[in-house]
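Chains as they are written, first to last, in our numbering: chain A, 1237 to 1573; chain B, 1237 to 1573.
Glycine is no exception: its CB is placed at the ideal position from the N, C-alpha and C atoms.
Inspection log for the structure reproduced underneath, given as structure tokens.
Protein chains: 2
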Amino acid sequence: MSLASQMQIMLPAVEEELHSVVDRTTNSVYPELRGMLAYHLGWEGAGAGPEAQGKRIRPLLVLLCAQAGGGEWRNALPAAAGVELLHNFSLIHDDIQDNSPLRRGRDTVWKLWGVPQAINAGDVMFTQAFRALHCLGQTISASAALEAHRILEETCLKLTEGQYLDISFETRRLLPLEDYWSMIGGKTSALLGCCAELGALCAGVEDERRARFHEFGYSLGLAFQVLDDWLGIWGDASVIGKSTESDLVSGKKTFPVLYGLSRSPEFAQLWEAGGLKVEDVAQAVSLLESCGAGAVTLERAEELTHKALRALDQAVAEPQKADELKELTASLLKRKK
Amino acid sequence: MSLASQMQIMLPAVEEELHSVVDRTTNSVYPELRGMLAYHLGWEGAGAGPEAQGKRIRPLLVLLCAQAGGGEWRNALPAAAGVELLHNFSLIHDDIQDNSPLRRGRDTVWKLWGVPQAINAGDVMFTQAFRALHCLGQTISASAALEAHRILEETCLKLTEGQYLDISFETRRLLPLEDYWSMIGGKTSALLGCCAELGALCAGVEDERRARFHEFGYSLGLAFQVLDDWLGIWGDASVIGKSTESDLVSGKKTFPVLYGLSRSPEFAQLWEAGGLKVEDVAQAVSLLESCGAGAVTLERAEELTHKALRALDQAVAEPQKADELKELTASLLKRKK
């Protein structure tokens, strides 16, 4: 089946599972509390709809991996809901930590309900992520449910470690590339590795191949982030006359920037003068290109993509079972240019 | 054995278990992150020591209930660590939500490391609370570990519900007593009920008696909070010349205040004029006494104490096994006056 046809069947099932978890675990006596969660998940309030819900890539990855591992994807739905709730809990807290008033074009939870309620709404969703996993006891086995808890907990530890680094980086001028990998490893890749591993767990895949599934998701996450860093400087929106949207203006410490800081004294001088202005973007991009930052970034993304696909080949027992996952990988790692 | 002798054996074991969980789950590459947790737990930094660590009542309750239920208390140590970490996660987030610069006389985590890192440190400790439970798989059984997760998750849902109410109350002028019970039920009692239930679970107590253990902890929590409300107005510190420490000045919506608002129009008028001043305290106390708020508060605390002790009697198989728990109950529910 094509990825698109799979998504048409899987995504509504994910949404239904998410609704069921949220409704089961939120006291109906307090509709306002449930409302904050439903708003953040894109179900209710101003701007609700598919755009506000995001792409649900993570639950999709769980279900496709369960299927690729030879399992019945429906049995993995509790895990799919768990990872999406965990991802969204982290977004609610992220928005407070970054002081971001908007997410996907809508007011953030803290902007609407204030910081204290938003911290608490995040804590509720954090709990619901774990609560979701219990239904694996019915669809698979109690031991799978416990192991899923362990995997999700380990992932949260990595996620919060990445978040710690990300917040610390804001006040550090210099940053070795090593710390960059730890940061995106925790913030982005750990959860994608977890998704793939949970899918495999639900399919009853044995330990060695389950580790390959994890590696596939983890490398996919790294590749995705590095490519995203490239797009933030050389992507359509950044290049074609919209320098304001360039990551160089927001001051984000991305791979090409850190590479440039370590290789180009001229770029470092420009960057460290404090906050690039829109009129500096063209010069900064040209300095990054001269020291090879753009090319090296794309090269890293390519390497990581190959690493992910190699792990996927080792993970699945029959190659054709990985078709949809390869299609998903390709669609996530398009240069969009 | 007396409670004091029990505590001398149990509390160091709790501290050791807490250290082991925190050290096992915090990456040693980032000592600053571990430092925030160790600081909050009272192990490190300015003012570290027993005073800063708090009384560890919750883990003690887990261990004493495990013993009263006929189990080996050491097997319940992972659950004891779990509840203490959950309690402390909620304190870290609470301090941000309440904008409190001090806890137990020391700077709060957000005051020292800023709000973004403090939110994240709370999230780390939340994860560690669940991570702690996994060792029950070794001391008891995998199914007990999974059930412990379920119980702790249900407790978090109640806790965050109570927190939602508490934050909402700040902007509501009128508050029915019913909402007061829901709020303290979630914020204080749910976790104490959880402690007693987890202890019983670790002792292998059957469902019906386990529910009585839960009821014991839950009612104990309510009694404790109601008495604390009374002490906040009529306790030593509040009465003997230190009106500044009265709950009436901080504007807290406690049981006697809500009772007074519903029964004494004069008290309501004084209260709703906005923020009682130190010089109003004597008059407010006298109005509360006239409408019976003080007496009714003590009466409720007595009733709840009896309810807790009745549940405890039904929970334990042999009465003498409850001796230490009765001693703990008495020490928690002293009027201190």
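DSSP has residue i in a bridge; who is on the other side?
i, result
"Asp1343 (chain A)", "A:Leu1338"
I'd like to know whether the C-beta atoms of residue i and residue j end up nearer to each other than 8 Å.
i, j, result
"Gly1440 (chain B)", "Gly1318 (chain B)", "no"
"Gly1457 (chain B)", "Gly1429 (chain B)", "yes"
"Phe1460 (chain A)", "Ala1432 (chain A)", "no"
"Leu1321 (chain A)", "Met1272 (chain A)", "no"
"Arg1342 (chain B)", "Gly1283 (chain B)", "yes"
"Leu1484 (chain B)", "Ala1520 (chain B)", "yes"
"Ala1302 (chain A)", "Asn1311 (chain A)", "yes"
"Asn1356 (chain B)", "Tyr1454 (chain A)", "no"
"Glu1451 (chain B)", "Ala1537 (chain B)", "no"
"Asp1359 (chain A)", "Thr1396 (chain B)", "yes"
"Ile1328 (chain A)", "Ala1354 (chain A)", "yes"
"Leu1269 (chain B)", "Thr1262 (chain B)", "yes"
"Tyr1275 (chain A)", "Val1345 (chain A)", "yes"
"Leu1411 (chain A)", "Leu1494 (chain A)", "yes"
"Leu1348 (chain B)", "Thr1391 (chain B)", "no"
"Gly1422 (chain A)", "Gly1398 (chain A)", "yes"
"Leu1437 (chain A)", "Ala1380 (chain A)", "yes"
"Gln1333 (chain B)", "Ile1403 (chain B)", "yes"
"Ser1482 (chain A)", "Leu1413 (chain A)", "no"
"Thr1541 (chain B)", "Leu1512 (chain B)", "no"
"Asn1324 (chain B)", "Leu1393 (chain B)", "no"
"Ala1316 (chain A)", "Glu1253 (chain A)", "yes"
My assumption, with CB atoms under 8 Å, is that residue i sits in contact with residue j. Please give the rounded CB distance.
i, j, result
"Asp1465 (chain B)", "Thr1490 (chain B)", "4 Å"
"Asp1331 (chain B)", "Arg1339 (chain B)", "6 Å"
"Pro1314 (chain B)", "Thr1375 (chain B)", "6 Å"
"Leu1523 (chain A)", "Gly1496 (chain A)", "7 Å"
"Leu1564 (chain A)", "Leu1247 (chain A)", "Not really, about 12 Å apart at Cβ, beyond 8 Å."
"Ala1544 (chain A)", "Arg1445 (chain A)", "No, Ala1544 (chain A) and Arg1445 (chain A) are not in contact; Cβ-Cβ is about 15 Å, not under 8 Å."
"Arg1409 (chain A)", "Glu1508 (chain A)", "7 Å"
"Val1250 (chain A)", "Arg1292 (chain A)", "6 Å"
With 8 Å set as the bound, which would you pick, yes or no: does the beta-carbon of residue i sit closer than that to a beta-carbon of chain C?
i, result
"Glu1397 (chain A)", "The structure shown contains no chain C; the protein chains it does contain are A and B."
For the ligand SAH, any of its heavy atoms closer than 7 Å to the Cβ of residue i?
i, result
"Ser1522 (chain B)", "The ligand SAH is not part of the structure shown, which contains no ligands of any sort."
Handout entry: Interface positions of the stretch 1244-1274 of chain A facing chain B (Cβ-Cβ less than 7 Å), listed along the chain
Key = Listed by position, the residues of the stretch 1244-1274 of chain A near chain B (Cβ gap below 7 Å) are Thr1261, Asn1263, Tyr1266, Leu1269.
Handout entry: Contact set between the stretch 1347-1378 of chain A and chain B, restricted to residues whose Cβ is under 7 Å from the partner
Key = Within the stretch 1347-1378 of chain A, the qualifying residues are Pro1352, Gln1353, Ile1355, Asn1356, Asp1359, Val1360, Phe1362, Thr1363, Phe1366, Arg1367, His1370, Ala1378.
Problem - Residues in the stretch 1400-1412 of chain B having any Cβ partner in chain A nearer than 8 Å - result: The stretch 1400-1412 of chain B vs chain A, Cβ under 8 Å: Tyr1400, Leu1401, Ile1403, Ser1404.
Problem - Contacting positions in the stretch 1378-1393 of chain B - beta carbon closer than 7 Å to chain A - result: Listed by position along the chain: Ala1378, Ser1379, Ala1381, Leu1382, His1385, Arg1386, Glu1389, Cys1392, Leu1393.
Exercise for the section: Count the C-beta pairs between the stretch 1378-1390 of chain B and the stretch 1362-1372 of chain A that are closer than 8 Å, then say yes if the count reaches three, no if not. Expected result: Flag = yes, the stretch 1378-1390 of chain B and the stretch 1362-1372 of chain A touch.
Exercise for the section: Tell me, please, whether the stretch 1522-1530 of chain B touches the stretch 1500-1511 of chain B by the rule of three or more beta-carbon pairs shorter than 8 Å. Expected result: As far as the Cβ criterion goes, the stretch 1522-1530 of chain B touches the stretch 1500-1511 of chain B, which means the pair count is three or higher.
Exercise for the section: Quick one: which residues of the stretch 1314-1334 of chain B get their C-beta closer than 7 Å to a C-beta of chain A? List them in chain order. Expected result: Residues His1329, Ile1332, Gln1333.
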